[in-house]
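Residue numbers (our numbering), protein chains in the order written: chain A, 1 to 308; chain B, 309 to 537.
Virtual Cβ for every residue (Gly too), placed ideally from N, Cα, C.
Take a look at the structure below.
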């Protein structure tokens with residue numbers, strides 16, 4: 001079994017795939033890659049199924065030794081240190097050093113065959129808060145040794161097209177749909193939410209991104225009953241400062257949801273970093289569905305992804 | 309998106325571009341819980357292919373689906389057909405689960421403070437807490453964490469002003485009018501009155517969660533200090 005030795009883990013590196021679904025009744029949240037589009041594209045570059053487990057790095061990359069070599073790809077925000085969005089041939093005994101993000105927040109190291117860890121509820125994803133999944137439920141440490149899984153089928157070396165890179169580049173403008181309580185927010189709060197930029201605070205992680213901006217009034221929400229909450233739901237607690245629920249969120253919540261990040265832009269939330277100034281654009285559910293479908297078509301288009 | 313439907317005693321709204329919220333009652337209680345439990349049972353016994361996840365709560369269930377496979381309108385129709393059958397669902401009998409608890413001392417560092425707040429002695433707090441017949445409303449917050457109904461209102465205690473950074477797994481706490489058992493070591497703002505050696509969630513066990521929605525639960529005092537991991 002080929003291995004990866006972790007020489008330095010970077011700021012926060014975990015094993016992630018596309019998450020575990022269907023476990024809400026147990027109180028288990030999906031987890032999974034913060035930028036699932038990058039994970040999928042990275043896996044395509046090494047001939048893996050799109051959801052194969054990979055290493056998710058946050059803001060600062062790590063250094064990895066490949067005693068037996070591997071085919072690998074770096075996807076997501078460009079941290080520098082190696083070529084991005086292309087199949088890399090790593091020779092036996094070579095080391096791959098990943099730099100630090102200049103823009104965006106997360107990058108993925110995908111290796112042909114995927115990272116092999118025991119599955120928890122059908123997924124390799126790490127749930128950090130509860131210490132479940134991934135490698136021992138925790139972030140990688142110096143000295144960790146990871147196994148690379150068996151590869152199936154042929155692998156074509158390739159590079160993501162320029163237009164695909166541009167299309168999926170980090171963006172600080174997010175499409176949102178009206179949340180379950182949108183109509184119950186005061187008009188002024190709705191308008192402020194859509195017109196005033198807010199910043200991602202330092203107190204943000206995989207469970208949620210706390211935003212700092214004009215406080216939104218939350219009158220009339222004193223008697224909310226806790227309900228299931230969407231990934232990407234934007235809750236407004238009494239402080240008036242919104243929180244975007246993210247991949248390690250709780251399954252339920254009791255704050256009003258002014259909006260929900262549209263499926264098409266969920267992957268962009270994973271590339272936001274503290275200090276980023278973001279804006280929300282409201283779209284109808286119909287338009288949000290159309291945008292998501294259009295994106296899915298691009299994600300399966302060989303021509304768009306790898307042509308010319 | 310047409311408000312409360314009397315015929316199926318429910319309301320279906322579109323929560324996001326990939327989910328619907330099914331509300332089965334307007335207030336927390338046995339009636340809504342039973343209806344949530346029935347819908348969950350149906351959706352687990354006869355899964356809809358496009359459904360990706362279910363997040364139950366007191367009076368509702370969030371149903372997340374794969375928008376590449378279906379539409380909101382189709383999901384709404386399918387869920388309505390399930391709602392029409394809700395009354396006929398034969399649920400397995402609810403279980404009674406006993407949770408042994410070491411109260412006070414290191415296991416429950418806030419027991420005295422809760423007693424002082426409630427104007428009771430520590431022994432009375434333990435007596436009242438252990439006398440309750442609790443029902444699991446749903447699991448949420450963390451894997452295996454049970455939201456419980458049935459705590460003696462005399463035990464209600466406000467949340468801590470400063471939440472603890474880390475509450476040990478198994479800790480039994482009171483937060484407002486609620487009580488519960490921390491299933492994982494997490495940050496937490498409830499007053500801790502005891503601790504159980506049982507694991508509310510164990511990835512190596514089948515089933516992983518010790519309790520399920522609708523189960524009855526009783527806390528049984530166990531003698532001595534530190535029965536816990």
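Separation of residue 64(A) and residue 417(B) (C-alpha to C-alpha, rounded to the nearest whole angstrom) is 45 angstroms.
Contact of residue 485(B) with chain A is not assigned, every C-beta pair being separated by 7 angstroms or more. A distance below 7 angstroms between beta-carbons, with the five flanking residues on each side excluded, links residue 484(B) to the following residues of its chain, in chain order: 464, 466, 467.
If you ignore the 5 residues before and after residue 474(B), its C-beta comes within less than 6 angstroms of the C-beta of 493, all in its own chain and listed in chain order. In the three-state DSSP reduction, residue 155(A) falls in the coil class, being neither helix nor strand. Rounded to the nearest angstrom, the gap between the Cα atoms of residue 143(A) and residue 67(A) is 13 angstroms. Residue contact check for residue 322(B) against chain A: a CB pair falls below 7 angstroms. For residue 76(A), the uninterrupted beta strand (DSSP E) run begins and ends at 70-76, by DSSP. Around the Cβ of residue 166(A), a 10 Å sphere holds fewer than 16 other Cβ atoms; the residue is exposed. Assignment of beta-bridge partners to residue 487(B) by DSSP yields 482(B). If you draw a straight line from the Cα of residue 449(B) to the Cα of residue 27(A), it is about 6 angstroms long.
Under the 8 angstroms Cβ criterion, the region 396-409 of chain B counts as touching the region 341-349 of chain B, having at least three qualifying pairs. The shortest CA-to-CA distance from residue 103(A) to any of 277(A), 296(A), 302(A) is the one to 277(A). Taking each of 294(A), 242(A), 168(A) in turn and checking the Cα distance to residue 208(A), the smallest one comes out for 242(A). For residue 190(A), the CB contacts under 8 angstroms within the same chain, skipping 5 residues up- and downstream, are 182, 258 in chain order. For residue 329(B), the nearest CB of chain A lies under 7 angstroms from its own CB, placing it at the interface with that chain. Cβ proximity to chain A below 8 angstroms picks out 375, 376, 379, 380 from the region 373-386 of chain B. At a cut-off of 7 angstroms between beta-carbon atoms, residue 228(A) makes contact with chain B. Among the CB atoms of chain A, none fall inside 7 angstroms of the CB of residue 479(B).
Counting the other CB atoms within 10 Å of its CB gives residue 275(A) a total below 16, which places it among the exposed residues. With 16 or more other Cβ atoms inside 10 Å of its own Cβ, residue 383(B) counts as buried. The residues 35, 38, 106, 107, 108, in chain order, have a CB closer than 6 angstroms to that of residue 76(A) in the same chain once the five nearest residues on each side in sequence are set aside. Non-local beta-carbon contacts of residue 452(B) in its own chain, meaning distances under 6 angstroms to residues more than five positions away in sequence, involve 491, 508, 509, 517 in chain order. Under the three-state reduction of DSSP, residue 265(A) is assigned to helix.
In the same chain as residue 461(B), and ignoring 5 residues on each side of it, no C-beta atom comes closer than 6 angstroms to its own.
Residue nearest to residue 53(A) within the set 151(A), 24(A), 86(A) is 151(A) (criterion: CA-CA distance).
Just measuring C-alpha positions, the residue of 445(B), 471(B), 470(B) sitting nearest residue 459(B) is 445(B).
Less than 7 angstroms divides the Cβ of residue 20(A) from the Cβ of residue 121(A). The region 374-392 of chain B makes contact with the region 356-366 of chain B, as at least three CB pairs between them are under 8 angstroms.
By the neighbour-count criterion, in which a residue is buried when 16 or more other Cβ atoms sit within 10 angstroms of its Cβ, residue 1(A) is exposed. Setting aside the 5 residues that flank it on each side, residue 214(A) is surrounded in the same chain by 192, 196, each with a C-beta closer than 6 angstroms to its C-beta; the list follows chain order. Counting along the chain, the unbroken alpha helix (DSSP H) around residue 380(B) starts and ends at 380-392. As computed with DSSP, residue 455(B) is found in a beta bridge with 446(B).
Nearest to residue 227(A) by alpha-carbon distance, out of 321(B), 317(B), 314(B), is 321(B).
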